[in-house]
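Before any comments, here is the structure.
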Amino acid sequence: MSVMPRPLRVVLLGDGESPHLLKWARAHAPRVELLVASSRGLDPALAALVAPERTLVLGHATKFSGGNAALLKTLPRLVRWLRGVDADWINAHYLTSHGTLAWLARKAGV
44 MSVMPRPLRV VLLGDGESPH LLKWARAHAP RVELLVASSR GLDPALAALV
94 APERTLVLGH ATKFSGGNAA LLKTLPRLVR WLRGVDADWI NAHYLTSHGT
144 LAWLARKAGV
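Quick note: the sequence shown uses our numbering, first residue 44, plus one each step.
Written out as structure tokens, the structure reads:
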């Protein structure tokens with residue numbers, strides 16, 4: 044009796060209202076177990092693509108011009124969620140602040 048390996052579990056971390064994240068989600072969804080952590084909300088097309096139990100919406104008012112230090116306050120919630128999903132790969136998109144959150148989550152043991 045052989046055991047089927049689980050698909051690669053990938054978290055896209057970024058702005059769930061951005062067409063850029065939606066593009067990546069559409070490309071990955073057929074091939075991996077896709078999860079999304081959004082700094083803001085979720086575009087309806089992205090929400091239709093990824094089940095609610097596979098999403099985290101941080102609800103931050105992210106500014107594209109910078110000055111998003113307050114986004115760091117969401118780190119504990121993001122770390123708890125990432126520990127629960129046990130992702131194989133975390134891919135941060137678009138803003139430096141998303142990359143910083145991913146890096147800090149790794150430093151926190153995720």
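The beta carbon of each residue, even a glycine, is placed where N, CA and C say it ideally should be.
Remember, it's a predicted structure, so these values are computed and weren't measured experimentally.
Asked                                                                                                    : Found
Unbroken stretches of the alpha helix (DSSP H), 4 residues or longer, contained in the stretch 77 to 129 : 87 to 92, 118 to 128
Residue environment, A94, which counts as buried when at least 16 other CB atoms sit within 10 Å         : exposed
Stretch pair the stretch 52 to 59 + the stretch 73 to 80: three plus CB contacts closer than 8 Å         : yes
Assigned secondary structure, R69 (DSSP; H/G/I helix, E/B strand, else coil)                             : helix
Identity of the residues DSSP links to V75 by a beta bridge                                              : Beta-bridge pairing links V75 to no other residue.
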